[in-house]
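**Q** Got a structure here, written out as structure tokens. Questions coming.
In UniProt numbering, the protein residues as written are 1 to 168.
In structure tokens form, the structure reads like this:
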């Protein structure tokens, strides 16, 4: 097998990424929070709408944290209680759920420098550069979910049986 670099918008990459890596539930934090000016700007809403916040890690097969995810879901568009973890995980894994993710609205890839405190949340040493991937999801014309993923460049290089005849 060879290692391939994946384009951030390559759907094959995301399918393989979630097959090869696991969401580590012991680090999952689910909470209901009051919205803020920041969340109102994300969801194009007013009056500090209630938000369901999820934070969790993705680990590789060896148990090493390779990615930290922070997701915010507009509560009014989610008709399930936050205690129903299985439904939330289905949303995160893009399976059928009560929120239909109908359109990828925005994905921005940035290389960012972080403080040692932020890097410490990964429980390993990623160096001084990490990637920040921000994604907004639409249901009809409304933004219903916002996700920030913090990871390093090596996350996007992995071994698989990718067909070499397909350009990458």
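Cβ atoms here follow ideal geometry from the backbone N, Cα and C, with glycine treated the same way.
When you compare the CB positions of residue 151 and residue 66, do they come within less than 8 Å of one another, or not?
**A** yes
**Q** Which residue from 75, 47, 149 puts its Cα closest to that of residue 143?
**A** Answer by Cα proximity: 75.
**Q** Express the C-alpha separation of residue 53 and residue 38 in angstroms, rounding to a whole number.
**A** Here the C-alpha atom of residue 38 lies approximately 13 Å from the C-alpha atom of residue 53.
**Q** In angstroms with no decimal places, state the Cα-to-Cα distance between residue 124 and residue 149.
**A** Only weak support is given to the placement of residue 124: the predicted model assigns it a pLDDT of 48, under 50, and the value that follows is read from those uncertain coordinates. So the two alpha carbons sit approximately 16 Å from each other.
**Q** Return the residue from the list 32, 31, 51, 30 that minimises the CA-CA distance to residue 40.
**A** The option with the nearest alpha carbon to residue 40 is 51.
**Q** Got a sec, what are the start and stop residues for the beta strand (DSSP E) residue 75 sits in?
**A** Element bounds for residue 75: n/a, residue is neither H nor E.
**Q** Report the rounded CA-to-CA distance for residue 98 versus residue 72, giving the unit in angstroms.
**A** Low local confidence applies: a pLDDT of 47 at residue 98 is under 50, so the model's placement there is unreliable, with the coordinate-based value given in what follows. Approximately 15 Å between the Cα atoms of the pair.
**Q** Span of the beta strand (DSSP E) holding residue 46?
**A** No beta strand (DSSP E) contains residue 46, which DSSP labels as neither H nor E.
**Q** Does residue 41 come out as helix, strand or coil in the three-state DSSP assignment?
**A** helix
**Q** If you follow the beta strand (DSSP E) that residue 147 is part of, which residue opens it and which one closes it?
**A** 142–151
**Q** I'd like the list of long-range same chain contacts for residue 36, defined as Cβ closer than 8 Å, with 5 residues on each side in sequence excluded.
**A** 48
**Q** In this structure, does DSSP put residue 19 in helix, strand or coil?
**A** helix
**Q** With a cut-off of 8 Å on the beta carbons, I'd call residue 187 and residue 139 a contact; round off their distance for me.
**A** The structure shown has nothing for residue 187, since the chain only spans 1 to 168.
**Q** Are residue 32 and residue 55 closer than 8 Å when you measure CB to CB?
**A** When the beta-carbon positions are compared, residue 32 and residue 55 stay at least 8 Å from each other.
**Q** Just to confirm, is the Cβ distance from residue 146 to residue 42 under 8 Å?
**A** yes
**Q** Taking buried to mean at least 16 other C-beta atoms within 10 Å of its own C-beta, is residue 29 buried or exposed?
**A** exposed
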